[in-house]
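Participant: With the numbering used here applied, the sequence shown corresponds to residues 710 to 819, in that order. Each residue gets a CB set at the ideal place from its N, CA and C atoms; glycine is no exception.
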Amino acid sequence: MSDKVEVALTINGKVYRALVEPRLLLADFIRHVAGLKGTHIGCEHGVCGACTVLLDGKTARSCLHFAIAVQDSEIRTVEALGTAEALHPCSRRFTSTTPCSAATARRASC
Ligand code: FES
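1. What are the uninterrupted segments assigned as beta strand (DSSP E) that are 3 or more residues long and contained completely in the segment 740-803, given in chain order?
2. Should Gly744 be flagged as near chain D, meaning a C-beta pair shorter than 7 Å?
3. Per the DSSP calculation, Lys723 is bridged to which residue(s)?
4. Rounded to the nearest angstrom, what separates Leu718 and Ile750 at their Cα positions?
5. Around the C-beta of Glu788, are 16 or more other C-beta atoms found within 10 angstroms, so that it is buried, or is it exposed?
6. Check each candidate in His797, Leu790, Arg801 and name the one with the smallest Cα separation from Gly722.
7. Among residues of its own chain, excluding the 5 on either side of Leu763, which ones have a beta-carbon nearer than 6 Å to its beta-carbon?
Structure representation (structure tokens):
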């Protein structure tokens, strides 16, 4: 018998469904199920911000949320912001703050 549960998340306007462990973090769902690598995992304690996404329009640390708990939310990752040629103001701001977030902004724009 499997302990997995079906989770459906709307990320950047697209619905991703998967059978996952109930304790799977949103950050891991985004990276490993949805394949969106712009969301990074650093500290896994809500401190570094590498995993930041927009959850119903508000910033959230995706390492602090279980994927199953945010099924009714609209999730946006850095991939939904701007393009490589025209960075979103948020991505521009990242590139001027820390080396880690600059890498996030560049990867998200590829
Ligand atoms: S991985 Fe550092 S805040 Fe989420």
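Facilitator: In short, the structure shows the following:
1. 761-764, 767-770, 783-785
2. Here chain D cannot be found, since the structure has a single protein chain.
3. Ile720
4. 19 Å
5. buried
6. Leu790
7. Arg785
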